[in-house]
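Here the structure is laid out as structure tokens; the discussion comes afterwards.
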Amino acid sequence: MSNRGFIERPRYTCALGGAIATVSALPKAVPILHAPPGCASNFTWTQAGGSGLQVGGYCGGLSMPGSNVQEREVVFGGTERLEEEIQNMFEVMQGDLYVVITSCVTEVIGDDVGSVVRPLQEQGIPIFFAETGGFRGNSYQGYDLVLQSLFKDFVKKTDKKQPRAVNVWGITPFIDVFWRGNIAEVRRLLEKLGLTVNSFFTVDDSVDKIRESGSAALNIVVSEVFGQGAAQVAEELHGIPYLSATLPIGPAATSTFLRQVGEALNLDDALVEEVIQYETKRYYSVVEPLADCFNDIDLQRYAVIVGDSNYAVGLTRFLADDLGWLPEVVGITDILDEDQQDHIGSLLRQLGSGLSPEVVFHTDGSVIADAARTHWRKQQPVAGKYENPLNPAFVIGSALERELAKDLGAGHLSVSFPVANRAVLGRGYAGYNGGLTLIEDLISTIIIGR
Amino acid sequence: MSYFELKEPPRREDRLSACIAHGAALGEVAGRGLRCCQPGNERSFTQNSICLLLPALGTMNSIPNSVVLLHGGLGCGSSSHCGNAAVRGGNNQRWGVVKDGRWLSTGLTESDVISGGETKLAQAIIEADRRYRPAVIFIVASCVPGIIGDDVESVVEQTQPEVVAKLLPVHCEGFKTKIWATSYDAIYHSIGRNLLTDKKKSEETQEKTGITVNLMNVSSMGRVDELELERLLNELGISVNVFPVFADPDNMQRMTEADLSISTCPTHDDYILSHLKEKYQVPYIIKHMPIGIDNTGKWLLDIADFFGLTEQARALIAREEADLAAALEPLKPMFKGKKAFTSAGEFRALSTSILLAELGFEIVGIRAFHHDEFAEVEYEKLVKLVGKELPLNIANCQPFEEANLLRKLKPDIFLGHMNGNSTAAKLGISTHVIYNSGLHYIGYKGAYELARRLYRQLKNPRFNVNLSQYAALPYQESWYEQNPFKYIKMAGGDNQ
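In the order they appear, the protein sequences are chains A and B.
Position in the first sequence counted from 1, then plus 5, gives you my numbering.
Position in the second sequence counted from 1, then plus 511, gives you my numbering.
So this is what it looks like as structure tokens:
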């Protein structure tokens, strides 16, 4: 957390907001909020503003049932209100899965939500709860807490593991604005390795398959920060080992990712290499027609990258090692402890291209922007009448980096939350296909005035 | 004692006996005062809603040279990511500069909840003052400080001498009220206590000639709507100062120096208007909303009558109405016989319904976020226009009641508040948004522009029609057979 007593324009919402985003992305799931009336609309508007125009889903936005606790419940407790709410809810709402999630208020007053939900579970109703009060952390923690509860209270325990079945998570719905495309690409590639994939949040997933996810041989967490708690819970309770890997963007990182998976599952090396070769060749055969214009228009850029740990690392690797750009400053806006910072920092010092950008860990965009401006000023030694500034430049960050890009005279693309100025549906940046899409988006931004 | 001497404003449930849960025919509410529907009404099944923090942020984030410091959980105020689009657009329309709003969160953690957040808040205020050098810092109390007992007022009092910015505490504890219109009182309460002073009028203003009025805007009004009202008032020789959205904090004091304050939305600003009258002798008019053709005329006439400009106003209105009628003529055949349903803040839903009736739509249902005494006048107008049988639903959102009503009433077009149109959309109904601060809604220009947009929506409704073939609403089929108001618990007994 920021040591300054505040976080500037937090690039996430609280644990409850992350929990809602997560549950509303599960197949036909109904989130039930045990919260005061305004939390849901706060998150609805947050997504409308920051998630590339994606709000809700099957039961999101203001359709979510909620106990709407008031002063009376704060004084006398809110479990009765919650009980009444849930009983009546079954008459109105239709879902394949129901998840009760709690708020700051109902946790501070000490409501025992388990006492309401457990009797319903015993009746065989597909319902569980997660304690996701906002003070427990940010969206990413809320995501993790829901998945932890899911593995604790919903996923069936089994000793029979399917050697080629895996679960995938770590790409957080709505806060990773490109979640649908990213998950789909990771899933596609894992299936090419011959794996059966449960990815929780796609149209190819279902509540039944999620319930059977305890039979997986490996959990793959596509993040080295998000979703780690759930991986530990699944390991302890279901005996499933896990692999954590940063979001792979482009051929270099994706090939490494596939090799990591192959190794963890003892897959046939030849098969893994065959997939990697095929996909890499295909990637470059698509890039090939760009060769003339990429070089003629001079599309190489100095870059500032600002984002959460998944995107900051993934984008920097792609720019440095695949696209041949020059990352100068990387800002990571997650709330991280020292160990996590060291780890993420070390990933950014292992770029295949040998480049070593300045790395700034701070929750506040204005602090990162100041560091970038200073970096840009320092790098402009004047040799007589000749200047050697860091341009042309490009800023890949969130919509909040538009002011920095303007100051640097740089191009700009919103990728990390908030993405206020783009409509995002199915596109993603993960994998080989994601690398191609990212090239399109970066270069389209640069040449828009052509 | 004036409310403004209290630390916090009262809830509207208490101050205005406002209510949020009711289902009835229009005639049962019109002309009945507040006897029809009581603040004790509740729902035994509810969907989620809005809290007062959200509309409050719409105003606070707009204030130039301000910082909004949210004291609470990390998520409170993240809706600013959406409101920021209006802040950027509003700044650009007024001053030609695109600028992001500045909001901060103290992000209370588990240990803050146990040991209290006052020290952290004080530290945050000092750091925000130093880093951003703003004119004002809104210190916004959300739910958690309200429960753990942080004394935000004391922190502000102790910290004020250490900072340059003026500190404005605003109480937005969401669990304290279901009437989010209380947020307007919360903001005005802080403006009234901290930015309006007793100092004498400046010499410049004492010497001024001509008429100057306070035009009270709302965050759902864009600059285009303000310009329409300024245009009409200027035609009558009246100068206009606009408060409070996007108003310079250093100029708020001028609110106390006007000849008259004019409300543009009676749900919005009775609290400050009474205060300006009691303390600064600024009279006010709060009656009509300038949405709709007849309503705009009534709104203008009330102001003109006050200043003895009635004849000029009548002439202006006649000219405007004639021009508008001619312009609307080619659009009206599209609207004839089409059924319309509106859902929004009470006054806005009612006045928009009146406008739709003027355009030739058949009004088949209305939903209002709450009910209070100020809307009486609008109910009376509506009953005269559309009769008493129309279904009326007082609901703080609750899309399940809406879905039920829409399936029964089958309107051709639905007009809903922002983030309130997807239910109708998934049922295949054409929709249009009430509350998009880039669009015209107000005055004669607003009537025409709304008609133009409705014409466009009705001309090709395919987006929603296609969506409805594949997107399911999350309700049991049996729910649609039920009374839409089944879960409203009337203070005097159930509504089965």
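Using N, Cα and C, we set each Cβ at its ideal position, and we do this for glycine too.
Going along chain B, which residues have a C-beta under 7 angstroms from residue i?
{"i": "Arg141/A", "result": "Glu621"}
{"i": "Gln75/A", "result": "Phe686 and Lys689"}
{"i": "Cys298/A", "result": "Residues of chain B passing the Cβ test: none, with the nearest at roughly 31 angstroms."}
Is DSSP giving residue i helix, strand or coil here?
{"i": "Glu519/B", "result": "coil"}
{"i": "Cys654/B", "result": "helix"}
{"i": "Glu224/A", "result": "Going by the sequence as given, residue 224/A is Asn instead of Glu. If DSSP states are grouped into helix, strand and coil, Asn224/A belongs with the strands."}
{"i": "Met6/A", "result": "Any answer about Met6/A is weak, because its pLDDT of 44 lies below 50 and its placement is not dependable; what the coordinates show is given next. Residue state, collapsed to three classes: coil."}
{"i": "Glu229/A", "result": "coil"}
{"i": "Cys530/B", "result": "strand"}
{"i": "Asp736/B", "result": "helix"}
{"i": "Asn725/B", "result": "strand"}
{"i": "Asp1005/B", "result": "Below a pLDDT of 50, predicted positions are generally treated as unreliable, and Asp1005/B, at 48, falls in that range; the measurement from the model is reported next regardless. It is a strand residue."}
{"i": "Asn396/A", "result": "coil"}
{"i": "Gln968/B", "result": "helix"}
{"i": "Cys776/B", "result": "coil"}
{"i": "Thr767/B", "result": "helix"}
{"i": "Lys998/B", "result": "Rather than Lys, the amino acid found at residue 998/B in this sequence is Tyr. It is coil, neither helix nor strand."}
{"i": "Trp475/A", "result": "The structure shown does not extend to residue 475/A, since chain A is modelled only from 6 through 455, so no value can be given for it."}
{"i": "Trp606/B", "result": "helix"}
{"i": "Pro423/A", "result": "coil"}
{"i": "Gly748/B", "result": "coil"}
{"i": "His881/B", "result": "coil"}
{"i": "Ile114/A", "result": "coil"}
Could you tell me which chain B residues have their CB closer than 9 angstroms to the CB of residue i, listed as they occur along the chain?
{"i": "Gly100/A", "result": "Pro985"}
{"i": "Gly54/A", "result": "Ser589, Ser590, Ser591, His592, Cys593, Gly594, Asn595 and Ala596"}
{"i": "Ala425/A", "result": "His592, Cys593, Asn595, Ala596 and Arg599"}
{"i": "Ile114/A", "result": "Ile658"}
What first and last residue would you give for the beta strand (DSSP E) that runs through residue i?
{"i": "Lys677/B", "result": "Lys677 to His682"}
{"i": "Ser449/A", "result": "Per DSSP, Ser449/A belongs to no beta strand (DSSP E); it is in the alpha helix (DSSP H), Gly436 to Ile451."}
{"i": "Gly234/A", "result": "Segment Gln233 to His243 is the alpha helix (DSSP H) holding Gly234/A; no beta strand (DSSP E) there."}
{"i": "Lys850/B", "result": "Lys850 to Ala855"}
{"i": "Gly927/B", "result": "Ile924 to His928"}
{"i": "Ser589/B", "result": "Counting along the chain, Ser589/B falls outside any beta strand (DSSP E), and DSSP gives it neither H nor E."}
{"i": "Arg642/B", "result": "Counting along the chain, Arg642/B falls outside any beta strand (DSSP E), though it belongs to the alpha helix (DSSP H) covering Glu629 to Tyr643."}
{"i": "Trp174/A", "result": "Gln167 to Trp174"}
{"i": "Ile132/A", "result": "Ile132 to Ala135"}
Which residues of chain A have a Cβ atom closer than 7 angstroms to the Cβ of residue i, listed in chain order?
{"i": "Thr617/B", "result": "Gly10 and Phe11"}
{"i": "Leu998/B", "result": "For the sequence presented, residue 998/B should be read as Tyr rather than Leu. Chain A residues near Tyr998/B: Asn93."}
{"i": "Gln558/B", "result": "Leu67, Ser68, Met69, Pro70 and Gly71"}
{"i": "Gly584/B", "result": "Cys19, Cys109, Gly139 and Phe140"}
{"i": "Leu580/B", "result": "Phe11"}
{"i": "Cys654/B", "result": "Pro41, Cys109 and Val110"}
{"i": "Trp606/B", "result": "Neighbours of Trp606/B on chain A: none; closest Cβ ~15 angstroms, over 7 angstroms."}
{"i": "Val667/B", "result": "Those within 7 angstroms of Val667/B in chain A number zero; the least Cβ separation is about 15 angstroms."}
{"i": "Lys809/B", "result": "Here the premise fails: no neighbours, minimum Cβ distance about 33 angstroms."}
From which residue to which residue does the alpha helix (DSSP H) around residue i run?
{"i": "Ile337/A", "result": "First-last for Ile337/A: Leu331 to Ile337, but that is the beta strand (DSSP E), not the alpha helix (DSSP H)."}
{"i": "Glu913/B", "result": "Pro910 to Leu920"}
{"i": "Pro902/B", "result": "Not the alpha helix (DSSP H): Pro902/B falls in the beta strand (DSSP E), residues Pro902 to Ala906."}
{"i": "Pro566/B", "result": "Leu564 to Met571"}
{"i": "Leu978/B", "result": "Arg973 to Tyr981"}
{"i": "His582/B", "result": "Looking at the DSSP string, His582/B is not in any alpha helix (DSSP H); the run it does join, the beta strand (DSSP E), is Ser577 to His582."}
Using a Cβ cut-off of 8 angstroms, pull out every chain B residue sitting near residue i, in sequence order please.
{"i": "Val498/A", "result": "Residue 498/A lies beyond the range of chain A shown here (6 to 455); nothing can be said about it."}
{"i": "Ser46/A", "result": "Asn559, Ser560, Ile561, Cys562, Leu565, Ser590, Cys908 and Asn930"}
How would you list, in chain order, the residues of chain A whose beta-carbon sits under 8 angstroms from the beta-carbon of residue i?
{"i": "Lys790/B", "result": "Per Cβ cutoff of 8 angstroms: no residues; Lys790/B is ~30 angstroms from chain A at best."}
{"i": "Val681/B", "result": "Under the 8 angstroms cutoff, chain A gives no residues; its nearest Cβ is about 14 angstroms from Val681/B."}
What does residue i touch in chain A if you count any residue whose Cβ is under 9 angstroms from its own?
{"i": "Lys631/B", "result": "Gly10 and Phe11"}
Between the segment 634 to 648 of chain B and chain A, which residues of the former have a C-beta closer than 7 angstroms to a C-beta of the latter?
-> Gln634, Ala635, Glu638 and Ala639
Contiguous alpha helix (DSSP H) assignments of at least 4 residues, all confined to the segment 37 to 90 of chain A | Whole alpha helix (DSSP H) segments, 4+ residues: 44 to 55 and 76 to 81.
Residue ranges of each alpha helix (DSSP H) within the segment 251 to 303 of chain A, 4 or longer | 255 to 269, 274 to 292 and 296 to 301
Just list the beta strand (DSSP E) runs in the segment 780 to 855 of chain B, keeping only unbroken ones of 3 residues or longer that don't cross its boundaries, in chain order.
-> 850 to 855
Contacting positions in the segment 371 to 394 of chain A - beta carbon closer than 7 angstroms to chain B | none
Any residues in the segment 158 to 184 of chain A with a beta carbon nearer than 9 angstroms to a beta carbon of chain B? Which ones, in chain order?
-> none
Please list the residues of the segment 20 to 38 of chain A that have a C-beta atom closer than 9 angstroms to any C-beta atom in chain B, keeping them in chain order.
-> Ala20, Leu21, Gly22, Gly23, Lys33, Val35 and Leu38
Could you run through the segment 725 to 747 of chain B and flag, in chain order, every residue whose CB is less than 7 angstroms away from some CB of chain A?
-> none
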